[in-house]
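A.B. asks: Dropping a structure here in structure tokens format, bear with me for questions.
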Amino acid sequence: MITVTEATATAGALRRLADQGVSVWLDDLSRRRIESGNLAELIRTKNVVGVTTNPSIFQAAIGSTASGSPRSSAAGSGGEYEEQLADLATRGVTADEAVRMMTTADVRAAADVLRGVYDATGGRDGRVSIEVDPRLAHDTRATVAEAKQLAWLVDRPNAMIKIPATKAGLPAITEVVGAGISVNVTLIFSLERYREVMDAYLAGLETARAAGIDLAGVHSVASFFVSRVDSEIDKRLTLLGTDEALGLRGKAALANARLAYEAYENVFAGDRFTALAGAGANPQRPLWASTGVKDPAFRDTLYVEELVAPGTVNTMPEATLDATADHGEVRGDTVTGGYAQARADLAAVERLGVSYDEVVEQLEREGVAKFEAAWDDLLAAVTKSLDSKGVDGE
């Protein structure tokens, strides 16, 4: 168990992010990362104070091993799941149940590694997120049931249950938060949907308060996706090919995120949350997700350096974490003074015929579909492994 005070060898830029109120979370998890001590090392040396997972991450960690093709990475997966897979095969469990057992075991172990950070920060950090089955993204009741089951299975106070910000996900967020479960809302692309997410969170807190639940123990983050916005909008700007269009590349995602932070400031300074804060409620922090830069023309730390603001989380893939530690430039708050320019940048994109609403709707559909595909691949690999081990054991 690592405490915040033990993280004395932190890389300079990552330490400066923390000083600016940005929590650094790692966007990756595998059993080898936990068992090798790599996660504990990142906490000590890279100022990592949380972990996020998603179906794609688990597919990479577990699926490659289950299919017999482990990743060749120091922090990746090897044979760490083989014994558990063999035991699960002996028990004759389904692939769905096997995946649930393996993923919750990893999240539980990671939560134990981060427990010291959780205790030292009063529950603000030291968090590990696990996502509901992505096939349930459009089913409110099933999402709620799955969220409750995952919280019970992981059974750690520093776990967060990830719920997608689909239309069906919004009432699920309210019900799960209302039950006193901490939630990471994922796959947020639009400002309108983000406002709905914050409203769902506040409604959940109000439900929890009415039920006599201690609001101080309920935390939430809202995962606002960044690089995917640039990828889609920049593709359309490049097709236009004019100097004006090309000059707007790399601006839309930052503008979108900065306006999201403005909305966060407005909502959590408002009367509705103020009344809840008096009962111990915590604000729902904005989390910048998808911060790995996909365009090699951009600085590889772009979505870290340009989204520094107090009370935020930046969840980074390891390559982005390493790049920030190596050559990141943290200049202080790069968000709150940029709202007017952000509005101007998005308006300029719209004037060129690139529809913001169309892009964010497409990205939500694609985001859910990508996670469903990763989950299906994982289930297929685990099914194959269970079948082979069942045959071997006969």
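Here the working numbering is used: the first residue of the sequence shown is 104, the next is one more, and so on.
Think of the CB as a built atom: it goes at the ideal place given N, C-alpha and C, for glycine as much as any other residue.
Shortest alpha-carbon distance to residue 266 belongs to which of 295, 461, 239?
C.D. replies: Here the question's residue 266 lines up with position 163 in the sequence shown. Checking every option, the nearest Cα to that of residue 266 belongs to 239.
A.B. asks: Please return the same chain residues whose Cβ sits closer than 6 Å to the Cβ of residue 212, not counting the five positions on each side in sequence.
C.D. replies: Numbered from its first residue, the sequence shown carries residue 212 at position 109. 137.
A.B. asks: Which two residues bound the contiguous alpha helix (DSSP H) that contains residue 307?
C.D. replies: Position 204 of the sequence shown holds residue 307. From DSSP, the alpha helix (DSSP H) with residue 307 extends over 294 to 313.
A.B. asks: When you compare the CB positions of residue 321 and residue 385, do they come within less than 8 Å of one another, or not?
C.D. replies: As a working note, residue 321 is residue 218 in the sequence shown. As a working note, residue 385 is residue 282 in the sequence shown. For residue 321 and residue 385, yes; Cβs fall inside 8 Å.
A.B. asks: What residue from 288, 235, 360 has the CA that sits closest to residue 331's CA?
C.D. replies: To locate residue 331, count along the sequence shown from 1; it is residue 228. For the residues 288, 235, 360, the minimum Cα distance to residue 331 belongs to 360.
A.B. asks: What would DSSP say about residue 123, mapped onto helix, strand or coil?
C.D. replies: Walking along the sequence shown from the start, residue 123 turns up at place 20. Residue 123 falls in the coil class under three-state DSSP.
A.B. asks: Taking 8 Å as the threshold (C-beta atoms), are residue 228 and residue 324 in contact?
C.D. replies: For this step, residue 324 is matched to residue 221 along the sequence shown. For this step, residue 228 is matched to residue 125 along the sequence shown. Going by C-beta atoms, residue 324 is not nearer than 8 Å to residue 228.
A.B. asks: Cα separation between residue 103 and residue 347?
C.D. replies: Outside the displayed span of the chain (104 to 497) sits residue 103, for which this structure offers no information.
A.B. asks: Going by beta carbon distance, what residues of the same chain come within less than 7 Å of residue 242, once the five residues before and after it are set aside?
C.D. replies: Taking the first residue of the sequence shown as 1, we reach residue 242 at position 139. Counting only Cβ-Cβ distances below 7 Å, and skipping sequence neighbours, we find 271.
A.B. asks: Considering only DSSP beta bridges, list what residue 392 is partnered with.
C.D. replies: Counting from one through the sequence shown, the residue named residue 392 turns up at place 289. BP columns for residue 392 point to 328.
A.B. asks: Can you tell me which of the three DSSP states residue 265 falls into?
C.D. replies: If you number the sequence shown from 1, residue 265 lands on position 162. The answer is strand: DSSP assigns residue 265 an E or B state.
A.B. asks: So, does the stretch 438 to 456 touch the stretch 131 to 147, judging by three or more C-beta pairs under 8 Å?
C.D. replies: Contact fails: fewer than three Cβ-Cβ distances are below 8 Å.
A.B. asks: Please list the segments of the alpha helix (DSSP H) lying wholly inside the stretch 183 to 226, counting only runs of 4 or more residues, in order along the chain.
C.D. replies: Complete alpha helix (DSSP H) runs here, min 4: 185 to 194, 198 to 216, 218 to 223.
A.B. asks: Answer yes if the stretch 277 to 294 comes into contact with the stretch 455 to 470, meaning at least three C-beta pairs across the two stretches below 8 Å, and no otherwise.
C.D. replies: Judged by Cβ distances under 8 Å, the stretch 455 to 470 makes contact with the stretch 277 to 294, as three or more pairs qualify.
A.B. asks: Looking only at its own chain, which residues have a Cβ that is under 8 Å from the Cβ of residue 298, when we skip the five neighbours before and after it?
C.D. replies: On the sequence shown, position 195 is the one that residue 298 refers to. Once the five neighbours on either side are set aside, the close Cβ partners of residue 298 are 366, 370.
A.B. asks: What does the alpha-carbon distance come out to for the pair residue 253 and residue 417?
C.D. replies: Your numbering for residue 253 matches position 150 in the sequence shown. Your numbering for residue 417 matches position 314 in the sequence shown. So the alpha carbons of these two residues sit roughly 24 Å apart.
A.B. asks: DSSP three-state call for residue 231: helix, strand or coil?
C.D. replies: As a working mapping, residue 231 is identified with position 128 in the sequence shown. Reduced to three states, the DSSP call for residue 231 is strand.
A.B. asks: Rounded to the nearest angstrom, what separates residue 420 and residue 403 at their Cα positions?
C.D. replies: The residue labelled residue 420 in the question sits at position 317 within the sequence shown. The residue labelled residue 403 in the question sits at position 300 within the sequence shown. Approximately 12 Å, taken between the alpha carbons.
A.B. asks: Counting Cβ pairs, one atom from each stretch, are 3 or more of them under 8 Å apart for the stretch 351 to 359 and the stretch 398 to 413?
C.D. replies: A contact exists between the stretch 351 to 359 and the stretch 398 to 413.
A.B. asks: Which runs of the beta strand (DSSP E) at least 3 residues long sit entirely within the stretch 398 to 430? Give them in chain order.
C.D. replies: The qualifying runs are 415 to 419.
A.B. asks: When we look at the beta-carbon of residue 374 and count the other beta-carbons within 10 Å, is it buried (16 or more) or exposed?
C.D. replies: Residue numbering aside, residue 374 sits at position 271 when the sequence shown is read from its first letter. By the neighbour-count rule (16 or more Cβ atoms within 10 Å), residue 374 is not buried but exposed.
A.B. asks: Could you check whether the stretch 273 to 286 touches the stretch 300 to 311, counting it as contact only if at least three pairs of C-beta atoms, one from each stretch, sit closer than 8 Å?
C.D. replies: Cβ pair count under 8 Å is three or more, so yes.
A.B. asks: Measuring only the C-alpha atoms, how far is residue 381 from residue 318?
C.D. replies: To locate residue 381, count along the sequence shown from 1; it is residue 278. To locate residue 318, count along the sequence shown from 1; it is residue 215. Cα-Cα distance, rounded: 10 Å.
A.B. asks: Who does residue 289 pair with in a DSSP beta bridge?
C.D. replies: Within the sequence shown, the letter at position 186 stands for residue 289. Paired residues: 267.
A.B. asks: Tell me whether residue 471 sits in a helix, a strand or coil according to DSSP, three-state version.
C.D. replies: Along the sequence shown, one-based indexing puts residue 471 at 368. Correct three-state label for residue 471: helix.
A.B. asks: DSSP state of residue 463, grouped into three classes?
C.D. replies: Taking the first residue of the sequence shown as 1, we reach residue 463 at position 360. In this structure, residue 463 counts as helix in the three-state DSSP scheme.
A.B. asks: Buried or exposed: which applies to residue 193, given that a residue is buried once 16 or more other Cβ atoms fall within 10 Å of its Cβ?
C.D. replies: Here residue 193 refers to the residue found at position 90 of the sequence shown. Classification of residue 193: exposed, given that the 10 Å Cβ count is below 16.
A.B. asks: Give the straight-line distance between the Cα atoms of residue 139 and residue 343, rounded to the nearest whole angstrom.
C.D. replies: Here residue 139 is taken as the residue at index 36 of the sequence shown, counted from 1. Here residue 343 is taken as the residue at index 240 of the sequence shown, counted from 1. Cα to Cα, the separation comes out at about 49 Å.
A.B. asks: For residue 381, name the three-state secondary structure that DSSP assigns.
C.D. replies: Here residue 381 corresponds to residue number 278 of the sequence shown, with the count starting at 1. Residue 381 falls in the coil class under three-state DSSP.
A.B. asks: Have a look at 345, 116, 160 and flag the residue whose alpha-carbon is nearest the alpha-carbon of residue 148.
C.D. replies: In the sequence shown, residue 148 corresponds to position 45, counting from 1. The shortest Cα separation from residue 148 among 345, 116, 160 belongs to 116.
A.B. asks: Does the separation of the CB atoms of residue 480 and residue 166 fall below 8 Å?
C.D. replies: Here residue 480 refers to the residue found at position 377 when the sequence shown is read from its first residue. Here residue 166 refers to the residue found at position 63 when the sequence shown is read from its first residue. Going by C-beta atoms, residue 480 is nearer than 8 Å to residue 166.
A.B. asks: If I follow the unbroken alpha helix (DSSP H) through residue 370, where does it start and stop?
C.D. replies: Here the question's residue 370 lines up with position 267 in the sequence shown. That run of the alpha helix (DSSP H) goes 355 to 371.
A.B. asks: Buried or exposed for residue 472, going by 16 or more other Cβ atoms inside 10 Å?
C.D. replies: Counted from its first residue, the sequence shown places residue 472 at position 369. Exposed, because fewer than 16 other Cβ atoms sit within 10 Å of the Cβ of residue 472.
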